[in-house]
Every structure is written in C-alpha cells, then in structure tokens.
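According to numbering that gives the first Met the number 0, the sequence shown is numbered sequentially starting from 0.
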Amino acid sequence: MGTVLRCVRADYLKAKRSMLNVIYIIVPLILALAFAGYFHISSWNRTLKISAFFEMLGIIYPFLVGIIVGIIAQRESQAGHYQFILSTVSSRTHIYIGELCFLLINSLLFYTLAVGSFALMFPFTSISGYVQVIGLLLLSSTPIYQIHFLCAFIFGKSASMGLGIAGSLLSAIMLTGLGDVCWQYIPWAWSVRFMDFWLLATTNKDAYLQSCSTFYVGIIINIVAILVLFAVSIMWIRLWDGGKEND
C-alpha cells in the first residue's frame, strides 16, 4: 500500500502545471456553467435538460480520457522511454495500481465538479441522488481508463487519442435505437445508458421496474469487465518491455 501511495503522490507532482489540471478542473466547471446557463433560458422540459447534461458528460468523457492517458504515456516515454516502470520489475503491479488510482481519483474530482457545479445552478435531486450519479459515472469510466492505459502504453499517444474520438462517437451512437440491443456489452455506452436508467428511476418508477433487469445486467458486465481488465493489465505490465515511442 505504501508503494501505491508513493506512486500516486509522484503522479500528482508530475501533473503540476500540466494540461491535466485544466482537463480535470477547468473543463467540468465550464461545461456545467454552459449547460446550466443555457437551460435557464431554454424551453426544454426539466427531465430533458437533465438527460441532455448527462448525455453530454457520457459522450465527451471518452475523448478526454484519450487525451489524459495519452499525455501520461507520452510523459513516461519522454522520461527515459519508460525507464521508471521498466527498471522496477518487482513493483510494476504497484505502479500500475498507483497510476489507475491517480486516474480514478481525478475522475472522481471531474465528475464531482461537473455534477456539483451543475446542481448548484440547476438543482435536480437529493444529496444521495448526486452520490448515486457520481458513483455510476465513476464505475462506468473505470474500464475506459483501463482500455486506454493498455492502448496508450502499447501503441502510443496518438492511438489513445484516436480511440478516444471513436469512443465518443460510439457513445453517441449507443443513445440511438441501435444501442438498445447491445449497449450492455459496449463499455463506451455504459455511462450514458446508466444515467438514462437512473433518471427513469427518479421520474417514472413503474417504467423503470419494467426495464431494470437490463440495467442490472449492464452493471454486472461493467464490474466483470473491470476485474478482467485489471487481471489482464497486471499480467501485461509484468511482461512489458517498453511501448511505442509517443509522438
């Protein structure tokens, strides 16, 4: 545990005065302000406004993850071509866990700022409801980080950013009728679909009870995906000998 905490602390020191601070702090505040401000003058009904905000978060976040993880991979590559990781074979597992914790802590910060700022200007549920929303968003974003970590460290920053763009497009597609039949199996669909079910549960309990089984299937698959990706990532990083040079 001590090694993991030191890795997390080291990541925060590396992130000082970097683009990561802008993405994790400034971007959610701007998004919340823009949407809440527009909704105050919009004629949309309240449920549609809340749904649009959640959908925006779910669509834009994969793109941001592609940038974030790409920046981290590039930083490690430029610092002696991953020598910090490669020279510590015995604690590579701790390094990976530390990197993942760093990403998830900042993801929690991003969602808390986005949802909290939006709620201050456009209240829509109780405190427990906000906690549920942030928890579901964090759960759904975890496998996205894990996938991007593998992609960025194996193929480079450009691949991670390209995957982020594709992921955002796929998130948007999964909101259509096409997503109704397969969204449970698509990691990039989980955030937008989880938010749809949460909103349905708070606005139309009967309709939610009729369709909640698919929501539970999605949650289970999400958790299983996190565990499988974690195991795969641990096995990979123990054998890894350096990735593609990041550009």
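Virtual Cβ for every residue (Gly too), placed ideally from N, Cα, C.
Query, Result
"Delimiting residues of the alpha helix (DSSP H) encompassing Ser159", "Lys156 to Ile172"
"Residue environment, Thr202, which counts as buried when at least 16 other CB atoms sit within 10 Å", "exposed"
"Helix, strand or coil at Trp182 according to DSSP, with G and I counted as helix", "helix"
"Ordered list of alpha helix (DSSP H) runs contained in the segment 184-223, each at least 4 residues", "189-202"
"Proximity winner among Leu136, His147, Asp205 and Ser157, relative to Leu56 (alpha-carbon distances)", "Leu136"
"Where Asp240 sits in the DSSP three-state scheme", "coil"
"Asn221 classed as buried or exposed, judged by whether at least 16 other C-beta atoms fall within 10 angstroms", "buried"
"Which of helix, strand or coil DSSP assigns to Met0", "coil"
"Cβ neighbour criterion (16 or more within 10 Å) applied to Ala206", "exposed"
"Distance, His39 Cα to Lys48 Cα", "10 angstroms"
"Close beta carbons around Arg5, own chain, < 8 angstroms, minus the five adjacent residues each side", "Gly97"
"Close-in-space but distant-in-sequence residues of the same chain around Leu199 (CB under 7 angstroms, 5 per side omitted)", "Ala206 and Tyr207"
"Ala113 classed as buried or exposed, judged by whether at least 16 other C-beta atoms fall within 10 angstroms", "buried"
"For Phe109 and Tyr23, believed in contact at Cβ under 8 angstroms, the rounded distance", "5 angstroms"
"Distance between beta carbons of Ala151 and Ser159, contact taken as under 8 angstroms", "4 angstroms"
"Same chain, Cβ closer than 7 angstroms to Phe117, five either side skipped, listed in chain order", "Ala31, Phe34, Ala35 and Phe52"
"Asn326 - DSSP class collapsed to helix/strand/coil", "What is shown of the chain runs 0 to 246, which leaves residue 326 out entirely."
"Cβ separation of Val64 and Ile185, assumed to be a contact under 8 angstroms, to the nearest whole Å", "The Cβ separation is near 15 angstroms, so there is no contact."
"Euclidean distance between Cα positions of Ala165 and Leu177", "16 angstroms"
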